[in-house]
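From first to last, the protein sequence lines stand for chains A and B.
Take the first sequence: its letters are residues 1 to 472, numbered as in UniProt numbering.
Take the second sequence: its letters are residues 1 to 472, numbered as in UniProt numbering.
Even for Gly, the Cβ is constructed at its ideal location relative to N, Cα and C.
Bear in mind that the values here come from a model prediction, so they are computed numbers and not experimental data.
Take a look at the structure set out below.
2 protein chains.
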Amino acid sequence: MTLNSVTPAFVEHLRKQLPAAAFREVGPAYLEEPRGRWQGRAGVVVAPDCTEDVAKIVRAAFEAAVPLVPYGGGTGLVGGQLSPEGALPVILSLERMRAVRGVYTEENVMVVEAGAILQDIHEAAAKVDRLFPLSIAAKGSARIGGNLATNAGGVNVLRYGNARDLCLGLEAVLPDGQIWHGLKRLRKDNTGYDLRNLLIGSEGTLGVITAAALKLYPRPAGEGTAVMVVRDPRAALDLLALARDHMGEGVSAFELMHRQGLEFLAQELPDIRQPFDTHPEWFVLIEVGLARGLDPASALETLFAEAMEAGLVSDGIIAQSEAQRQAFWEVREQIPEANRRVGSASSHDISLPMGAIPDFVEKGREVIAALGAFRINCFGHLGDGNLHYNVFPMPGKTRADHDAERDQIKRALHDLVDEMGGSVSAEHGIGRLKVDDLERYGDPAKLSAMRAIKAALDPKGIMNPGAVLRAV
Amino acid sequence: MTLNSVTPAFVEHLRKQLPAAAFREVGPAYLEEPRGRWQGRAGVVVAPDCTEDVAKIVRAAFEAAVPLVPYGGGTGLVGGQLSPEGALPVILSLERMRAVRGVYTEENVMVVEAGAILQDIHEAAAKVDRLFPLSIAAKGSARIGGNLATNAGGVNVLRYGNARDLCLGLEAVLPDGQIWHGLKRLRKDNTGYDLRNLLIGSEGTLGVITAAALKLYPRPAGEGTAVMVVRDPRAALDLLALARDHMGEGVSAFELMHRQGLEFLAQELPDIRQPFDTHPEWFVLIEVGLARGLDPASALETLFAEAMEAGLVSDGIIAQSEAQRQAFWEVREQIPEANRRVGSASSHDISLPMGAIPDFVEKGREVIAALGAFRINCFGHLGDGNLHYNVFPMPGKTRADHDAERDQIKRALHDLVDEMGGSVSAEHGIGRLKVDDLERYGDPAKLSAMRAIKAALDPKGIMNPGAVLRAV
Numbered sequence: 001m002t003l004n005s006v007t008p009a010f011v012e013h014l015r016k017q018l019p020a021a022a023f024r025e026v027g028p029a030y031l032e033e034p035r036g037r038w039q040g041r042a043g044v045v046v047a048p049d050c051t052e053d054v055a056k057i058v059r060a061a062f063e064a065a066v067p068l069v070p071y072g073g074g075t076g077l078v079g080g081q082l083s084p085e086g087a088l089p090v091i092l093s094l095e096r097m098r099a100v101r102g103v104y105t106e107e108n109v110m111v112v113e114a115g116a117i118l119q120d121i122h123e124a125a126a127k128v129d130r131l132f133p134l135s136i137a138a139k140g141s142a143r144i145g146g147n148l149a150t151n152a153g154g155v156n157v158l159r160y161g162n163a164r165d166l167c168l169g170l171e172a173v174l175p176d177g178q179i180w181h182g183l184k185r186l187r188k189d190n191t192g193y194d195l196r197n198l199l200i201g202s203e204g205t206l207g208v209i210t211a212a213a214l215k216l217y218p219r220p221a222g223e224g225t226a227v228m229v230v231r232d233p234r235a236a237l238d239l240l241a242l243a244r245d246h247m248g249e250g251v252s253a254f255e256l257m258h259r260q261g262l263e264f265l266a267q268e269l270p271d272i273r274q275p276f277d278t279h280p281e282w283f284v285l286i287e288v289g290l291a292r293g294l295d296p297a298s299a300l301e302t303l304f305a306e307a308m309e310a311g312l313v314s315d316g317i318i319a320q321s322e323a324q325r326q327a328f329w330e331v332r333e334q335i336p337e338a339n340r341r342v343g344s345a346s347s348h349d350i351s352l353p354m355g356a357i358p359d360f361v362e363k364g365r366e367v368i369a370a371l372g373a374f375r376i377n378c379f380g381h382l383g384d385g386n387l388h389y390n391v392f393p394m395p396g397k398t399r400a401d402h403d404a405e406r407d408q409i410k411r412a413l414h415d416l417v418d419e420m421g422g423s424v425s426a427e428h429g430i431g432r433l434k435v436d437d438l439e440r441y442g443d444p445a446k447l448s449a450m451r452a453i454k455a456a457l458d459p460k461g462i463m464n465p466g467a468v469l470r471a472v
Numbered sequence: 001m002t003l004n005s006v007t008p009a010f011v012e013h014l015r016k017q018l019p020a021a022a023f024r025e026v027g028p029a030y031l032e033e034p035r036g037r038w039q040g041r042a043g044v045v046v047a048p049d050c051t052e053d054v055a056k057i058v059r060a061a062f063e064a065a066v067p068l069v070p071y072g073g074g075t076g077l078v079g080g081q082l083s084p085e086g087a088l089p090v091i092l093s094l095e096r097m098r099a100v101r102g103v104y105t106e107e108n109v110m111v112v113e114a115g116a117i118l119q120d121i122h123e124a125a126a127k128v129d130r131l132f133p134l135s136i137a138a139k140g141s142a143r144i145g146g147n148l149a150t151n152a153g154g155v156n157v158l159r160y161g162n163a164r165d166l167c168l169g170l171e172a173v174l175p176d177g178q179i180w181h182g183l184k185r186l187r188k189d190n191t192g193y194d195l196r197n198l199l200i201g202s203e204g205t206l207g208v209i210t211a212a213a214l215k216l217y218p219r220p221a222g223e224g225t226a227v228m229v230v231r232d233p234r235a236a237l238d239l240l241a242l243a244r245d246h247m248g249e250g251v252s253a254f255e256l257m258h259r260q261g262l263e264f265l266a267q268e269l270p271d272i273r274q275p276f277d278t279h280p281e282w283f284v285l286i287e288v289g290l291a292r293g294l295d296p297a298s299a300l301e302t303l304f305a306e307a308m309e310a311g312l313v314s315d316g317i318i319a320q321s322e323a324q325r326q327a328f329w330e331v332r333e334q335i336p337e338a339n340r341r342v343g344s345a346s347s348h349d350i351s352l353p354m355g356a357i358p359d360f361v362e363k364g365r366e367v368i369a370a371l372g373a374f375r376i377n378c379f380g381h382l383g384d385g386n387l388h389y390n391v392f393p394m395p396g397k398t399r400a401d402h403d404a405e406r407d408q409i410k411r412a413l414h415d416l417v418d419e420m421g422g423s424v425s426a427e428h429g430i431g432r433l434k435v436d437d438l439e440r441y442g443d444p445a446k447l448s449a450m451r452a453i454k455a456a457l458d459p460k461g462i463m464n465p466g467a468v469l470r471a472v
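This is the structure we're talking about:
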């Protein structure tokens, strides 16, 4: 199916249907992405302020066979929000649709528009003494529509699940311009195919999410945070099992970090307070949120004592203040920034069956060593089996020195992940970065089903062409 | 698309490809359903013992354009497992595929074949000191493939979610006979469209689930169960909020029951021990599973005391033994049997936004009263907003006396549910019983997307034709 570029006549057609305020200047804010890997292009940028106007724009694009790229906060790391090639697209930004449409405290539900910023949702939930647990580093600018379109993960997945698990209903505009009114606030609803989960994670290729009914949670009565030095990843897994044995679902975050991350932090962001005097080889950040009647600090102390006894941990600090808690988290959250400053030769967002992780860490090191001398910073959401596995040049070399090897490193590591039953995209999605990987590692039956679904729902292929599936 | 009946030549074709043991006699076990509303038919019943043979059968049906009905435990309540009309189908029973393929204790994952009986899965999980929380009354005969195909709910949804929430990966045969190898044991995997959730809840109309990777949970350190008399449904909701404020996710079941249910029990099953000397108008069954360091009985006592203070409850019993706990549950689980013996004029599996429930209970009563004199037994999974709303003849009359009014009652009640943002099928699914309701109350954009997906994945319409969507 050939797509047409946005033309002056097409823009004129839109101008007749939409208020002037809906038009935005085509500028860098819509054409760049955090990793600087792609340069986007746009024929027109529109920011409608209501679902009906979103539908008008989609219908116009459908009728004219013009590509359309839904745009949230622009924080995606795999290029799903940009159109570097092909017909000049409409960029449809949700930035003006950020209302909280309703808060249903007794139902633990909030209905928000797709352009709402994640941090604003956190604050709206806190106002009614509730928690919206989805939390990612980009929360200050990421918008919930994009979080849902990419099924964002983050630091609380262990306890509360991915974005998918936090959504009860959606309102969306389908590729032919029909509005799906699916904002149900129901915990059980078995009325037909799961269109909600099909749109969630489809990265804007099957429709435009315009609003969502989100799950809220009671805030835990008490929270506690600790860092503990673990013997190795195996011990970290055993510690997690022990923690869950003690505290059940109360364990809300369990992040593994490596000495390499602390070294990069010390080097690139020396003002950040380090948790340990000497960098341990491996350590974890544990956060727990417990019900009434339990004291998180003493629960963490008991856990630590038992873990010492079992030889899993050798050192640990339980946060004694909110400032200390934040300092622990700052270490975790600034490691990606330190990584960025050092400049990786290759970065990977992967997941593995939990039990396979210790073995993977070993084998990954061997696979990389076989390709040359590199530094590895392997860290991430251990409780979800999700590692950010980043390969860095040795001191004195730069990312650019390894341009020729990047594909080889990626291939070797992804082959290993695939062999071990893992995923080459744990939480960042496919976007444009991993279209090849999906074709290589994806199950053929699933891929053919995906292509059939795409063709059925978006017969002209206007929705974010080239993301997830190769444009045909 | 015209479908062809199974012919002797087709059966012969299957016999050449499958072992003799795969063929079953066409008999009542495959042609009846629990409510006796439909009579199924079959041209042949096959029970393959491996996924490859399932694929052979689906491929043969695809090539010959013969309808195929996947068959689990046969416990569905909406006729999804039967083919009362149209071309004579193949019934594909999963009964011989019930192996536990793997237990990954440290990952809290179990991989089972689709024919595994739910109760057997519970026992396999208990053997490794884990919990598989999906629990429904039919657990002794329901098979996990059917539980997933219908996205079964049950009594633990409040804490652990529906069948959908308990599944990490699937293996399935798609309508063209391709095998999707999607048995990943991953908590995060953002590689393309969510085919897993599309198959879950599609009631066998998009493929045959052959195996699943299921989530297990640690068993709570201590459990407690209580029944409490509540002032009304409003008070029950407030009690639930209070319980979650005390115990967070620890609240695992919260079932609302009505005096009418106890009266039917006393009348139809007089041997069952009643929890209260006089039947209260409304009461709830609460079950909690708490982490180490908390005593469930004393937590329930504290809850009860605060709820008394707040005027929410007037009486209550905390189970002091496993026998007493089972007695409470028996009341809940035998109410449907008592209902069946009395014979409802009309039964409804509905859900509502939690906050709308008290209002719905009031209005429902008015709507029914406007249609005549009836008894109402409204009970169910209040914590999930899921009510089983059953309308009974007055004493001396029978179900048959109301045959003419059944549709009218259903319509009036479903109209009310729809008006209030609810669902006309909370946990039982659409099957064949609610195809009309789905067309009436379903969102038009969603319905057209569903039809497009069905046509794309099952172009000949062989998979369970007439279930969920009207056969075309």
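Where residue 246 of chain A falls: helix, strand or coil (DSSP): Correct three-state label for residue 246 of chain A: helix.
CB contact below 7 Å: residue 490 of chain B versus chain A: Nothing in the structure corresponds to residue 490 of chain B, since chain B is present only between 1 and 472.
Within-7 Å CB hit, residue 416 of chain A to chain B: no
Close beta carbons around residue 102 of chain B, own chain, < 6 Å, minus the five adjacent residues each side: 111
Within chain A, the residues that residue 249 of chain B reaches when beta carbons sit closer than 7 Å: Simply 249.
Whole-number beta carbon distance between residue 386 of chain B and residue 347 of chain B, since they are thought to touch under 8 Å: Between residue 347 of chain B and residue 386 of chain B a beta carbon distance of about 13 Å is seen, past the 8 Å cut, so the two are scored as non-contacting.
Integer Cβ distance of residue 88 of chain A from residue 41 of chain A, believed to fall under 8 Å: Right, the Cβ-Cβ distance comes to about 6 Å (below 8 Å), so this counts as a contact.
Collapsed DSSP secondary structure at residue 255 of chain B in the structure displayed: Looking at residue 255 of chain B - three-state DSSP - the assignment turns out to be strand.
Residue environment, residue 228 of chain B, which counts as buried when at least 16 other CB atoms sit within 10 Å: So residue 228 of chain B ends up on the buried side.
Residues near residue 367 of chain A in its chain [Cβ-Cβ closer than 7 Å; skip 5 each side]: 412, 413, 416
Residue closest to residue 91 of chain A, alpha-carbon to alpha-carbon, out of A/117, A/99, A/75, A/58: Taking only the C-alpha atoms, the option nearest residue 91 of chain A is A/58.
Classification of residue 128 of chain A by the beta-carbon crowding that lies within 10 angstroms, buried from 16 upward: exposed
Residues near residue 246 of chain A by beta carbon distance below 6 Å, same chain, minus five either side: Sequence-distant partners of residue 246 of chain A (beyond 5 residues in either direction) whose C-beta falls short of 6 Å from its own C-beta, in its chain, are 303.
Residues that residue 359 of chain B contacts on chain A, provided the C-beta gap is smaller than 8 Å: Simply none; closest approach about 12 Å.
Candidates B/312, B/437, B/116, B/150: closest to residue 140 of chain B by CA position: B/116
Length-filtered (4 minimum) alpha helix (DSSP H) runs lying within the segment 6–70 of chain A: 8–17, 51–64
Residue 53 of chain A versus residue 23 of chain A - alpha carbon distance: 12 Å
Below-7 Å beta-carbon distance, residue 244 of chain A vs any chain B residue: Judged by the 7 Å Cβ criterion, residue 244 of chain A is in contact with chain B.
First through last residue of the beta strand (DSSP E) which encompasses residue 117 of chain B: Taken as a continuous stretch (DSSP letters only), residue 117 of chain B belongs to no beta strand (DSSP E), as it is neither H nor E.
Proximal residues to residue 208 of chain A (C-beta, below 7 Å), its chain only, five neighbours per side dropped: 54, 58, 70, 92, 172, 173
Residue 257 of chain A, buried or exposed, once every other Cβ within 10 Å from all chains shown has been counted against 16: Buried, by the Cβ-count rule.
As assigned by DSSP and simplified to three states, the class of residue 218 of chain B: strand
In DSSP terms, what residue 463 of chain B is bridged to: DSSP output for residue 463 of chain B lists B/68 as bridge partner(s).
Members of the segment 382–411 of chain B that neighbour chain A once the beta carbon cut-off is set at 7 Å: 384, 385, 386
Chain B contacts from the segment 164–181 of chain A (Cβ-Cβ distance under 9 Å): 164, 165, 172, 173, 174, 176, 178, 179, 180, 181
Residue 271 of chain B to residue 109 of chain B span [Cα, whole Å]: 40 Å
Residues that residue 363 of chain B contacts on chain A, provided the C-beta gap is smaller than 7 Å: Here the premise fails: no neighbours, minimum Cβ distance about 18 Å.
Residues that DSSP places opposite residue 209 of chain B in a beta bridge: B/172
Local Cβ density within 10 Å of residue 260 of chain A, reported as buried at 16 or more and exposed below that: buried
Beta-carbon proximity list for residue 17 of chain A, same chain, < 6 Å, skipping 5 on both sides: 56
Inter-residue Cα distance where the pair is residue 466 of chain A and residue 432 of chain A: 7 Å
Contacts of residue 157 of chain B in chain A (Cβ-Cβ under 7 Å): 187, 188
Cutoff 8 Å; reference residue 453 of chain A; Cβ partners in own chain excluding five residues on either side: Cβ within range, chain order: 198, 206.
Same chain only: Cβ atoms within 8 Å of residue 265 of chain B, ignoring 5 sequence neighbours per side: 272, 274, 331, 334, 335, 338
Pair within 7 Å by beta-carbon distance, residue 345 of chain B and residue 280 of chain B: No. Outside cutoff.
Short CB-CB distance (under 7 Å) between residue 296 of chain B and chain A: Chain A, which has no Cβ nearer than 7 Å to the Cβ of residue 296 of chain B, makes this no.
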